[in-house]
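Numbers given in the numbering used here equal positions in the sequence shown, counted from 1, plus 2. Think of the CB as a built atom: it goes at the ideal place given N, C-alpha and C, for glycine as much as any other residue. In what follows, a structure is listed as structure tokens, so that the remarks can point back to it.
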Amino acid sequence: MNNKKALITGISGQETSDSWLKLVNKGYEVHGVIRRNSQMSKGTVELLPEQYRDKITIHFGDVTDAPFIEETVKKIAPDELYHLAAQSFVGYSFKNPSATYDVNIGGTLNVANAVKDHSPNTKLYFAATSELYGQPETTPQNEDTVFRPRSPYAISKLAGYWTVKVYRESYKLFMCNGILFNHESEVRGPEFVTRKIAMKVAAMAKGDDTPLVVGNLDARKDWGYAEDYVYGMWLMLQQKEASDYVLSTGEMHTVRDFINEAFESINKKIDWKGKALNETGIDKENNRIVVKVSPEFYRPLESDNYMGDYSKAKRILGWKPKVLFKDLVKKMVMSDLNTEKF
Ligand code: NAP
3 MNNKKALITG ISGQETSDSW LKLVNKGYEV HGVIRRNSQM SKGTVELLPE
53 QYRDKITIHF GDVTDAPFIE ETVKKIAPDE LYHLAAQSFV GYSFKNPSAT
103 YDVNIGGTLN VANAVKDHSP NTKLYFAATS ELYGQPETTP QNEDTVFRPR
153 SPYAISKLAG YWTVKVYRES YKLFMCNGIL FNHESEVRGP EFVTRKIAMK
203 VAAMAKGDDT PLVVGNLDAR KDWGYAEDYV YGMWLMLQQK EASDYVLSTG
253 EMHTVRDFIN EAFESINKKI DWKGKALNET GIDKENNRIV VKVSPEFYRP
303 LESDNYMGDY SKAKRILGWK PKVLFKDLVK KMVMSDLNTE KF
């Protein structure tokens with residue numbers, strides 16, 4: 003045991019998976035906040051091997067509930083707090099900005115206040131995002147690139163980002179913003195385009211003959227692997243001084259590239275015909291349409307052209323991504339191919 007305690011909000015999301023096992027293995031006492039549901043399901047925590055799952059203490063509650071967060075932080079007095087809980091789906095944030103603000107702004111304020119008032123020695127990590135940049139005019143983006151959010155999600159995360167910065171400077175607290183570019187995994191939520199592609203391509207390999215339907219094929223993102231990014235979060239909290247860091251791969255790919263690579267991993271090649279909403283992806287082998295575009299999956303305001311410059315993280319934390327685009331896509335498709343659900 004290293005006698006350290008870590009508290010993770012949002013532990014039931016995609017970033018838990020195997021990543022937090024590493025903390026358990028480092029001897030941390032790990033606590034997680036999960037909001038209660040009728041099945042008392044623990045989300046992705048249930049996917050962990052039993053010997054690890056049993057070592058994580060779950061506190062059922064909501065980050066929007068200030069007294070609950072206050073009580074939990076006070077009771078545990080964690081050495082490290084990873085605040086990941088959020089309404090994290092950009093598309094949904096346009097449909098329900100109010101709920102997005104409640105969780106992402108209100109929840110973050112509750113966590114920051116609880117640390118300030120009841121556990122000022124806790125080191126806090128806040129999950130900021132490349133979505134803060136909106137539609138960036140300069141490439142690549144780093145910690146000094148201007149933020150111009152273009153969705154309720156990004157606005158809510160910008161409020162969290164500034165809360166962390168202002169609390170750090172005003173109250174001399176150890177609080178870090180991780181400006182993380184997209185990161186994916188085998189347990190990414192199924193509504194996110196990467197997982198949607200992986201699941202559908204795996205289903206097609208098993209005989210599904212209905213096409214994949216997506217939004218903007220030209221959206222350009224910097225996609226990395228969640229486990230690498232969780233390691234980066236941990237490194238941020240091991241430093242002597244708190245700061246803000248970009249974590250990214252430094253590569254930019256389109257959604258179309260992701261689809262090509264996903265089909266490549268089941269040995270299929272795609273021909274692209276048409277433009278914009280009329281573009282289709284055709285399986286070269288049998289001339290069948292396997293990809294279609296629908297306006298339903300476009301955002302009201304696109305935010306893309308993301309490519310992160312992680313040189314500060316490399317220089318100070320010694321961090322760099324291990325899994326890059328091709329391997330990431332392959333990992334996701336292979337994982338869905340090996341599940342029994344199709
Ligand atoms: P995720 O899979 O959507 O996980 C979010 C977690 O937050 C879920 O466990 C969710 O629980 C929980 N949550 C939501 N509202 C809550 C509430 N009111 N009280 C308590 N828990 C609540 O997201 P992720 O991909 O793991 O990302 C983790 C964090 O990093 C998020 O803050 C996200 O915005 C941020 N981020 C992600 C990326 C990325 O590409 N993945 C990039 C930059 C930043 P339920 O299952 O109950 O909804």
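Residue i, enclosing beta strand (DSSP E) - first and last residue
i	result
M177	177–182
L1	Outside the displayed range of the chain (3 to 344) lies residue 1, so it cannot be described from this structure.
Which of helix, strand or coil DSSP assigns to residue i
i	result
Q143	strand
D259	helix
F62	strand
K294	strand
S14	coil
T46	helix
D285	strand
E55	The sequence given here has Arg at residue 55, not Glu. Correct three-state label for R55: helix.
I268	coil
G209	coil
R197	helix
G93	helix
G310	strand
DSSP beta-bridge partners of residue i
i	result
E128	The displayed chain sequence assigns Phe, not Glu, to residue 128. DSSP lists H85, N179 as partners of F128.
E186	Y227
L249	L182
E31	K7
W274	G283
I318	Answer is none; I318 lacks a bridge partner.
R222	T256
Sequence-distant residues of the same chain with beta carbon closer than 7 Å to residue i, five excluded per side
i	result
N307	Q137, P138, T141, R222
K118	Y169, Y173, L175
M235	Y84, Y127, G180
G12	L86, A87, A88
R152	G136, Q137, L303, S305
T256	L219, D220, A221, R222
D64	R37, F70
A68	N112
E287	K270
Y231	L182, H185, L249
Residues near residue i in its chain [Cβ-Cβ closer than 8 Å; skip 5 each side]
i	result
I318	Q241, S245, Y247
Chain-order list of residues whose beta-carbon lies under 6 Å from that of residue i (same chain, five-residue window excluded)
i	result
A204	V335, D338, L339
K6	Y30, D81
Q25	A quick correction: the sequence has Leu, not Gln, at residue 25. A8, V32, listed in sequence order.
A79	S121
M309	T141, P142, D224, M254
D311	P142, N144
Residue i - containing alpha helix (DSSP H), residue span
i	result
G109	109–120
W164	154–173
A68	68–78
V350	The chain is shown only over 3 to 344; residue 350 falls outside these bounds and no answer can be derived.
P99	99–103
Chain B contact for residue i (CB, 8 Å cutoff)
i	result
Q53	Absent from the structure: chain B. Only one protein chain is present.
Exercise. Is the stretch 145–165 touching the stretch 104–116, taking contact as three or more C-beta pairs under 8 Å?
Worked result: Enough Cβ pairs lie closer than 8 Å, so yes.
Exercise. Hey, is the stretch 291–301 in contact with the stretch 217–228, meaning 3+ C-beta pairs nearer than 8 Å?
Worked result: Touching, per the Cβ criterion.
Exercise. Are the stretch 87–94 and the stretch 67–75 in contact at 8 Å, needing three or more beta carbon pairs?
Worked result: No: fewer than three Cβ pairs fall under 8 Å.
Problem set entry | Validate contact between the stretch 271–287 and the stretch 165–174 using beta carbons, cut 8 Å, 3 pairs | The stretch 271–287, when compared against the stretch 165–174, does not touch it at the 8 Å Cβ threshold.
Exercise. Quick check: the stretch 30–42 against the stretch 51–62, are there 3 or more CB pairs under 8 Å?
Worked result: Result yes; three or more Cβ-Cβ pairs closer than 8 Å.
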